[in-house]
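Here's the structure, in structure tokens; my notes come after.
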Amino acid sequence: MNDLFLREARGESTERRPVWMMRQAGRYLPEYREIRAETDFLTMCRTPELVAEVTLQPVRLVGVDAAILFADILLPLDAMGSELVFVKGDGPTFPEPVRKRSDIARLEHPNVDATLGYVFDAVRTTRQAIQELDEAVPLIGFAGTPWTLAAYLTEGRSSTTYPHLMTWSWQDPAGLTELLELITDVSIDYLLGQIAAGAQAVQLFDTWGGLLSEARWRAFAMPGVVRIAEALRSAHPELPLIYYGKDTAHLLGALAELPVNVLSVDWRQPLSAVRRAVGDKVLQGNLDPTALLASPDVIERQVAELLSEGSGGGHIVNLGHGILKTTPPQHARAFVDAVKRLSS
Ligand code: CP3
Numbered sequence: 106m107n108d109l110f111l112r113e114a115r116g117e118s119t120e121r122r123p124v125w126m127m128r129q130a131g132r133y134l135p136e137y138r139e140i141r142a143e144t145d146f147l148t149m150c151r152t153p154e155l156v157a158e159v160t161l162q163p164v165r166l167v168g169v170d171a172a173i174l175f176a177d178i179l180l181p182l183d184a185m186g187s188e189l190v191f192v193k194g195d196g197p198t199f200p201e202p203v204r205k206r207s208d209i210a211r212l213e214h215p216n217v218d219a220t221l222g223y224v225f226d227a228v229r230t231t232r233q234a235i236q237e238l239d240e241a242v243p244l245i246g247f248a249g250t251p252w253t254l255a256a257y258l259t260e261g262r263s264s265t266t267y268p269h270l271m272t273w274s275w276q277d278p279a280g281l282t283e284l285l286e287l288i289t290d291v292s293i294d295y296l297l298g299q300i301a302a303g304a305q306a307v308q309l310f311d312t313w314g315g316l317l318s319e320a321r322w323r324a325f326a327m328p329g330v331v332r333i334a335e336a337l338r339s340a341h342p343e344l345p346l347i348y349y350g351k352d353t354a355h356l357l358g359a360l361a362e363l364p365v366n367v368l369s370v371d372w373r374q375p376l377s378a379v380r381r382a383v384g385d386k387v388l389q390g391n392l393d394p395t396a397l398l399a400s401p402d403v404i405e406r407q408v409a410e411l412l413s414e415g416s417g418g419g420h421i422v423n424l425g426h427g428i429l430k431t432t433p434p435q436h437a438r439a440f441v442d443a444v445k446r447l448s449s
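For what it's worth, this note's numbering labels the leading residue of the sequence shown as 106, then goes sequentially.
This is the structure:
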């Protein structure tokens with residue numbers, strides 16, 4: 106098996122840098138759109154054979170060194186009793202958002218095998234399908250952080266400012282903490298279930314953590330991440346944990362303290378500066394996703410710069426956020442090929 110990704114994540118020395126892309130299973134691939142044209146997103150998530158198929162598409166077509174399970178961070182909120190509806194053109198929505206302490210009673214701590222067992226089945230089916238590839242790669246499981254999940258659950262839809270979450274955080278911090286703790290408890294069960302089914306690493310997506318000042322991130326967002334990471338570490342000490350944050354330059358002091366192996370950062374700051382701030386953590390990232398809209402020779406020069414920025418410690422090459430759906434697949438391939446060629 107190609108285990109470069111796992112070895113790099115554990116801080117071991119490797120022959121070359123591993124590379125994968127956030128949102129690598131998705132709409133930039135015509136092969137994904139073909140399947141998606143016939144099946145709605147949630148049905149795809151609930152059909153293990155389709156999950157395995159689209160999870161492996163970027164491994165076969167683009168040549169990435171790790172697969173990430175096809176699923177969504179919002180699925181556990183649906184299992185907790187807040188119905189998740191994908192509205193065409195609008196993306197994911199929660200028709201009945203949770204916005205105040207009394208709303209929490211509408212949620213429950215579900216039995217994850219009963220409500221999210223379809224994800225665990227998908228992990229098992231995908232691991233089996235990976236074994237049939239010419240070159241097997243590790244499978245990454247994931248969850249949103251409690252703060253980022255609360256952002257969607259309170260707003261009911263995507264936003265860039267999450268006014269309902271912010272209002273709650275100022276007006277009733279203890280009530281919001283109660284919600285964050287419930288999401289944390291469920292997330293631990295959910296991730297332990299993914300690992301039991303065969304996930305070989307876990308990434309926590311904190312897409313909206315950067316909305317908070319460092320002091321408020323420590324108060325609201327950090328406790329859930331730490332509790333999840335410690336629970337996974339004590340059950341599976343060798344399993345690599347990755348924290349992804351967007352817009353987190355002001356949080357590096359706190360992120361350095363997280364009990365995770367890898368920090369995944371966005372494209373706004375050079376990896377050399379991140380490394381100086383966080384010390385010996387492995388870094389993941391951080392090409393600007395829009396750079397993949399440039400021509401392949403420009404992409405190759407950007408990769409050369411990124412590899413040089415990442416020198417001096419562990420580096421898993423990735424984008425700084427999810428791949429854009431307008432990315433030409435051959436540019437994604439140019440990115441992956443350049444990493445393999447230039448870092449050997
Ligand atoms: O390839 C992979 O990375 C694995 C699968 C994956 C998806 N979503 C599939 C998806 C992962 C890891 C996610 C994480 C996710 N989902 C995040 C965190 C990372 C980030 O992007 O910041 C967030 C915030 C979500 C919530 C979400 N899901 C939104 C806001 C949307 C709509 C916007 C969009 O990109 O369409 C989704 C839908 C979604 N999740 C799609 C995919 C492939 C598109 C669904 C489609 O085919 O229409």
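Glycine is no exception: its CB is placed at the ideal position from the N, C-alpha and C atoms.
One thing to note: L360 has its Cβ no nearer than 8 Å to the Cβ of Y349. Short of 6 Å from the beta carbon of F110, and not among the five residues preceding or following it, lie these beta carbons of its own chain, in chain order: P123, D170, A171, P243.
Distance from the CA atom of Y295 to the CA atom of P181, rounded to whole angstroms, is 8 Å. Residue pairing of L174 in beta bridges, as defined by DSSP: absent, with no partner found.
In the displayed model, Q308 falls within a strand according to three-state DSSP. Excluding five sequence positions before and after L363, the CB atoms of its chain that fall closer than 7 Å to its own CB belong to V330, V331, A334, Y348, given in chain order. For M271, the Cβ stays outside the 7 Å cut-off from all heavy atoms of the ligand CP3. Counting the other Cβ atoms within 10 Å of the Cβ of N391 gives 16 or more, which makes it buried. Between L270 and L447, the alpha-carbon positions lie close to 44 Å from each other. Note on the segment 169-220: whole beta strand (DSSP E) runs with a minimum of 3 residues are 190-192, 196-198, in chain order.
Proximity of the segment 233-241 to the segment 277-292 falls short of the contact definition, fewer than three beta-carbon pairs being nearer than 8 Å. Burial check for G358: the Cβ neighbour count within 10 Å stays below 16, so the residue is exposed. At least one heavy atom of the ligand CP3 sits closer than 7 Å to the Cβ of A130. Between D218 and the set R211, D226, L212, the nearest pair of CA atoms involves D226. Inclusion of L189 and D183 in the CB contact set at 8 Å is warranted, their separation being smaller than that value. Cβ contact annotation for D290 (same chain, cutoff 7 Å, sequence separation greater than five): H214, in chain order. Note that the segment 392-409 touches the segment 427-435; at least 3 beta-carbon pairs, one per stretch, sit closer than 8 Å. Measuring C-alpha to C-alpha distances from D177 to each of E201, F440, F247 identifies F247 as the nearest. Residue environment for R211: exposed (fewer than 16 other C-beta atoms within 10 angstroms of its C-beta).
P153 counts as buried, since at least 16 other C-beta atoms from the protein chains shown sit within 10 angstroms of its C-beta. Looking at the backbone, the Cα of D145 and that of G384 are separated by about 44 Å. When secondary structure is reduced to three states using DSSP, V331 falls in the helix class. Between G417 and G116, the C-beta gap is not smaller than 8 Å, which leaves the two residues out of contact.
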